[in-house]
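A.B. asks:
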Amino acid sequence: MGATREEVVKVICQDYGNDRSRLLDIARDVREQLGCVDSPAVDCIAEVLSIPRVEIESLVSFYSFLYSEPQGQVQIRICNDVPDMMKGADRIASELEEELGIQVGETTPDGKFSLEYASCIGLSDQAPSALVNDLMVPRLGAGTARRGVQILKERGELKELDKLLIRDYGDGNNAHDLVRSACSNNIRKAGEVILAEMRRGAGLEKALAMSPVEVIREIKTSRLRGRGGAGFPTGMKWEFTRAADGDRRYLVCNADEGEPGTFKDRVILTERPDLLFEGMTIGGYAIGAEDGLVYLRAEYAYLREFLEHALAKRRELGLLGENVCGKEGFHFDIRIQMGAGAYICGEETALISSCEGLRGDPKNRPPFPAQHGYLGKPTSVNNVETLCCVARILQRGSGWFSAIGSPGSTGTKLLSISGDCMRPGVYEVPFGIRLSEVFAMCDAQDPMAAQVGGPSGKMVGEADFDRTICFDDLATGGSLMVFGRDRDVLEIASQFMQFFVHESCGYCTPCRVGNVLLKERLDKILGGHGQPTDLEYLQRLGESIKMASRCGLGQTSPNPVLSTLESFRSAYEERIRDADDVEESGFDLQSALSTAQTLTGRKSVHFED
Amino acid sequence: MSDRISLTIDGRQIEAEPGQTILEAAEEAGVYIPRLCWMKGLSAFGSCRVCTVRVNGRPQSACTQPAAPGMVVENDTQELRELRRSLIDMLFIEGNHFCMFCEKSGDCELQALAYRLGITAPQYPFMFPQRELDATHPEIFVDRNRCILCGRCVRASQELDGKHVFGFVGRGAGKKVAVNAESGLGGTDAAGDDEAVAACPTGSLLKKRVGFAVPVGQRRFDHQPIGSEIEQAQSEE
Amino acid sequence: MGKPRVATTSLCGCFGCHMSLLDIDERILSLVELVDFDRSPINDIKELSGPVDIGLVEGGCANEENVKVLQEFREHCRVLISVGDCAINGGIPAMRNMVPLRECFREAFLDGPTVVNPAGKIPDDEEIPLLLDRVYPCHEVVKVEYHLPGCPPSADTLWEALNALLEGRSLELPYELIKYD
């Protein structure tokens, strides 16, 4: 038979130069080749790399896509973000549970199938959807998931799943030989910046005719701000990185699009990879980096080959590698770093930790990545869309770019629109667009609320529909979910809180503990046991978490509760009972007694209801 | 001679060496900023958030934030006392802290901070999690019921003992301290006199066969609030 | 106007907190000058007679009877005080909270090494109050105004708390009187 575990691990480690900082890649490959990273595999890696085993366990136990126990050959991850739940993700789950005879979170006894939930996989506009190994399966209608599993069950060989499960490929490059995906781009509105046609090298050639400092000045003049959501001025970030001491510098592209309801980076990566790589190359030139990394979320692994191919093509054309475009002394290349399933890695310092082969824990700041980033070197981390803007700004000029959008938020923004509207998908719109205009565009009829910026953003109601999408008003990294009148905002807030509880890295107290407490109290209200004092409790707890948390996750995770308390207070008040002192704690006696009643087979004598 | 940095804490002007954090500068000036995951001699970690102060209005952890000229730091305010209370409450309800039979009682920094903040009962409901014990080591107990995930053992083992006995596994509410052996602490090179054991602020890591060595009434925090030694050092000068 | 009325009870506790109340020693003579005791194990009065000014509750809620008594206290006491760690965090009885109730029952009534139970039946006698799924601190069941931690709280703590309340002072314990052991 094949190679022993030791041999497999040895070869994998060798592939990565026995480099400790590539532990995430090593663990991913071990998981892929051996099925999981179990205890003996951990020992093997520890021995080959000469590192403590607990460091490997620490990493493996952090990421959702790494496992310490064997999983099914076919791993089905049902997306359970809010738009998917609205379109019946739980129905898909019960369909599959029934067909496979297992619960979500289990593996079939024959080791063929595992079933679990995944946080947003980036298909909210084609919900409900699932990820089957690396294969995206969108638009699961009634019975399709069951039929898919039946087909797989009939086959002995569980290879080339795409041929078994996919009938039609999506539009554009989704049908590309190296992608072969059923995903649709759903580009509903293409703007001039990101989704317009491009010619390879157009922006890069102009950049290389300038000095790096001039490139940075051009970006500063364009007033480009980071598209990830926080909106830090890109030119300033580059200036800091360039100015920092270091013998090497890095440019890292954050393609860990994980904010639920966001999928625009998937479309960019599918349709405009060259625009992104061009922006990265320009960035590398500007800050003085020779190495670029694309941190690609594990859910988008299906795009990896296609992206590698695009990189190879650019190397062939002299757009990457040594002396880029013939520019003497400017060397730049790009490597794709795969993630392994952790929302927190979208936070820039957590992303750097992850690239370094560590748990995706955010780092203490200061020092900031611009001074002390990847492997301790000056590093600029930029969003996919930001880097695309860069390429276009260099191509067409900062004046052209800054004329689009609003004064404080120049350029366009890609919106990922999902939920209760007739035309979900990707829209490239100028900053400053009103929410009501967005609703008209996506054909949302009589919406009740919108979640702008994903769970970490804001839930807004009718009173806010005239507000604008921009950094100074309603900021968003791209996610925009629309909710119709029949939706329950508290139920939605609870699902968002579940997401944060699941994705908190657990490093700091307020985020690790506080989010669990918020969710618990919200669910108490949802369960009909809410008390008037609970609203004050939620407010204060939420504010404490925001104030004390160490990174952006905890600083925004209470938003689902705090923003609904603000915009939809009546939804809380309707569910809350006036209580006397006896009831004020909201103690649920029936639930506390039910186990004993079952076990003894008798009713309470003290509380006869 | 390097240039001294001047900043204010709660309106009082203090001085700091370049490179010092707010917490260190404050301590030298006799101002106690409550903390749990920070320990002298170990790298700053910034996980407990108990040392959160406002720096020019913005919340920052004092143990990681370098002092800078002209900083206006708020430390002992009603808002921050309440925030710290909230964090200490979270640590209590997150674990299983049975002070009445814990060998560390009276010498426990978590308990001492709760005393200092005047906490008589936590404001949040108890979670009563299931946590693991590890008695495999001949000299050391691990009781994760009392662990607050401050990482002091993890860092002390690496930075002071030159070992690598402890590490974190899992994430979110499932995060816990693991040891560098599948069989438990007994399978590691940990020793009873390791700094990592002494670094534990609670009774999560204890030396065996010690028990309740110091009588009630003579323990570290029986009469004096935690931090008093810092505040007194200044007033005696 | 009569003297303030004080009632005390022990739920799932060990009566140690009541012992500590007796530990105020000769000060108990002053106390009975200041207050009248309503229901309390100290005078063996079993039922509350009416409205009470101060209720002291020892022990947490482990079963339905504890809940019933606590709710009665809440209804009748103007100020309710959780006395001791069991009332505040469940205390020693709450060590069962980390074990599912089903397993507790199995160990206690079916599989335990010293159990003789040929019928293999979990007792269902109405005289045995139904256990709650876990032991609850009192303030998770009813509203509680004050907490006096300790196992038990010292006699000085109890004395100070009662005096403060009787004199209409706000109840703020000095450092030395807040202890969890």
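Residue numbers (the numbering used here), protein chains in the order written: chain H, 1 to 609; chain U, 1 to 237; chain Y, 1 to 181. Ideal Cβ positions, reconstructed from N, Cα and C, are used throughout, including at glycine.
Going along chain Y in order, which residues have a C-beta closer than 8 Å to the C-beta of Thr120 (chain U)?
C.D. replies: Correct list: Ile88, Tyr146, His147, Leu148, Pro149, Leu173, Ile178.
A.B. asks: Just reading off the beta strand (DSSP E) that Val99 (chain Y) is part of, what are its end residues?
C.D. replies: Val99 (chain Y) -> no beta strand (DSSP E), and no H or E assigned at all.
A.B. asks: For Cys99 (chain U), which option in Y:Arg78, Y:Ala94, Y:Leu80 has the closest C-alpha, if you only look at C-alpha atoms?
C.D. replies: Per the Cα distances, Y:Ala94.
A.B. asks: Indicate whether at least one CB of chain H lies closer than 8 Å to the CB of Asp124 (chain Y).
C.D. replies: Yes, because at least one Cβ of chain H sits closer than 8 Å to the Cβ of Asp124 (chain Y).
A.B. asks: Spell out the partners DSSP gives Ser82 (chain Y) in its beta bridges.
C.D. replies: Answer is Y:Val57, Y:His147, bridged to Ser82 (chain Y).
A.B. asks: Are the C-beta of Ile92 (chain Y) and some C-beta of chain U separated by less than 8 Å?
C.D. replies: So, interface residue.
A.B. asks: With DSSP collapsed to three states, give me the class of Cys138 (chain Y).
C.D. replies: Helix.
A.B. asks: Which runs of the beta strand (DSSP E), 3 residues or longer, sit entirely within the segment 98-153 of chain U?
C.D. replies: Those beta strand (DSSP E) runs which fall completely within the segment 98-153 of chain U and span 3+ residues are 140-143.
A.B. asks: Give the DSSP bridge partners of Thr410 (chain H), in chain order.
C.D. replies: DSSP lists H:Gly405 as partners of Thr410 (chain H).
A.B. asks: Which residues, in chain order, does the segment 217-233 of chain U contribute to contact with chain Y at a C-beta distance below 7 Å?
C.D. replies: Those residues of the segment 217-233 of chain U that come within reach of chain Y (Cβ to Cβ, closer than 7 Å) are His223, Pro225.
A.B. asks: Report yes if the CB atom of Ser418 (chain H) is closer than 8 Å to the CB atom of Ala127 (chain H), and no otherwise.
C.D. replies: Cβ atoms of Ser418 (chain H) and Ala127 (chain H): closer than 8 Å.
A.B. asks: So is Asn173 (chain H) in contact with chain U if we call contact Cβ pairs under 8 Å?
C.D. replies: False, the Cβ-Cβ gap to chain U never drops below 8 Å.
A.B. asks: What's the call for Ala289 (chain H), buried or exposed, on a 16-neighbour Cβ count within 10 Å?
C.D. replies: That one is buried.
A.B. asks: Mind checking if Asp23 (chain Y) is an interface residue toward chain U, Cβ cutoff 8 Å exclusive?
C.D. replies: No, Asp23 (chain Y) lies away from the interface with chain U (no Cβ there is under 8 Å from its Cβ).
A.B. asks: If the cut is a Cβ gap below 9 Å, which residues of chain H does Tyr115 (chain U) touch?
C.D. replies: Per Cβ cutoff of 9 Å: no residues; Tyr115 (chain U) is ~18 Å from chain H at best.
A.B. asks: Secondary structure at Gly203 (chain H), three-state DSSP: helix, strand or coil?
C.D. replies: Gly203 (chain H) falls in the helix class under three-state DSSP.
A.B. asks: List the residues of chain H that Ala44 (chain U) touches, going by C-beta distances under 8 Å, in chain order.
C.D. replies: Chain H residues near Ala44 (chain U): Asn364.
A.B. asks: Of all Cβ atoms in chain H, is any one closer than 8 Å to the Cβ of Asp133 (chain Y)?
C.D. replies: Chain H contact via Cβ: present.
A.B. asks: Spatial neighbours of Gly329 (chain H) within its chain, please: C-beta separation below 8 Å, excluding the five flanking residues on both sides.
C.D. replies: Excluding residues within five positions, the ones whose Cβ falls inside 8 Å are Asn323.
A.B. asks: Say whether chain U places a C-beta atom closer than 8 Å to the C-beta of His139 (chain Y).
C.D. replies: Closer than 8 Å: yes.
A.B. asks: Between the alpha carbons of Leu23 (chain H) and Tyr295 (chain H), how many angstroms are there, rounded?
C.D. replies: Leu23 (chain H) and Tyr295 (chain H): Cα-Cα distance of roughly 15 Å.
A.B. asks: Among the residues of its own chain, which have a CB less than 6 Å from the CB of Gln33 (chain H), if the five just before and after it don't count?
C.D. replies: Here the set comprises Val8.
A.B. asks: What residues are listed by DSSP as bridge partners for Glu15 (chain U)?
C.D. replies: DSSP, once it has assigned bridges, lists U:Ser6 as partnering Glu15 (chain U).
A.B. asks: Based on DSSP bridge pairs, tell me the residues matched to Gln451 (chain H).
C.D. replies: The partner list for Gln451 (chain H) (beta bridge, DSSP) reads H:Met459, H:Met481.
A.B. asks: Can you list, in chain order, the residues of its chain with a C-beta nearer than 8 Å to that of Leu589 (chain H)? Leave out the 5 residues immediately preceding and following it.
C.D. replies: Cβ neighbours of Leu589 (chain H) beyond the five flanking positions: Phe607.
A.B. asks: State yes or no: is the beta carbon of Val182 (chain Y) nearer than 8 Å to at least one beta carbon in chain H?
C.D. replies: Because residue 182 (chain Y) is not part of the residues shown, which for chain Y are 1 to 181, the question remains open.
A.B. asks: As an exercise, report each continuous alpha helix (DSSP H) stretch of at least 4 residues that is fully enclosed by the segment 126-201 of chain H, in chain order.
C.D. replies: Runs of the alpha helix (DSSP H) inside the segment 126-201 of chain H: 144-154, 161-165.
A.B. asks: Between the alpha carbons of Leu171 (chain Y) and Gln498 (chain H), how many angstroms are there, rounded?
C.D. replies: So the alpha carbons of these two residues sit roughly 39 Å apart.
A.B. asks: Taking the beta strand (DSSP E) that Asn382 (chain H) falls in, what are its first and last residues?
C.D. replies: It spans 379-383 - the beta strand (DSSP E) in which Asn382 (chain H) sits, taken as one unbroken run.
A.B. asks: Around the C-beta of Lys3 (chain Y), are 16 or more other C-beta atoms found within 10 angstroms, so that it is buried, or is it exposed?
C.D. replies: Per the 10 Å Cβ criterion, exposed.
A.B. asks: Of the residues U:Val179, U:Phe221, U:Leu23, which one's Cα is nearest the Cα of Ala135 (chain U)?
C.D. replies: Here the closest residue by C-alpha is U:Val179.
A.B. asks: Just checking: is the beta-carbon of Leu522 (chain H) within a distance shorter than 8 Å of some beta-carbon in chain Y?
C.D. replies: Judged by the 8 Å Cβ criterion, Leu522 (chain H) is not in contact with chain Y.
A.B. asks: Kindly say whether Asn97 (chain Y), judged by its beta-carbon, lies nearer than 8 Å to any beta-carbon of chain U.
C.D. replies: So, interface residue.
A.B. asks: Starting from Ile336 (chain H), follow its DSSP beta bridges and name the residues at the other end.
C.D. replies: H:Val294.
A.B. asks: Comparing alpha-carbon positions, which option in Y:Glu167, Y:Arg5, Y:Leu21, Y:Ile42 lies nearest Gly84 (chain Y)?
C.D. replies: It is Y:Leu21 whose Cα lies nearest to the Cα of Gly84 (chain Y).
A.B. asks: Taking Gly41 (chain U) as the reference, which of U:Leu7, U:Arg155, U:Phe141 has the closest Cα?
C.D. replies: Of the candidates U:Leu7, U:Arg155, U:Phe141, the one whose C-alpha sits nearest the C-alpha of Gly41 (chain U) is U:Arg155.
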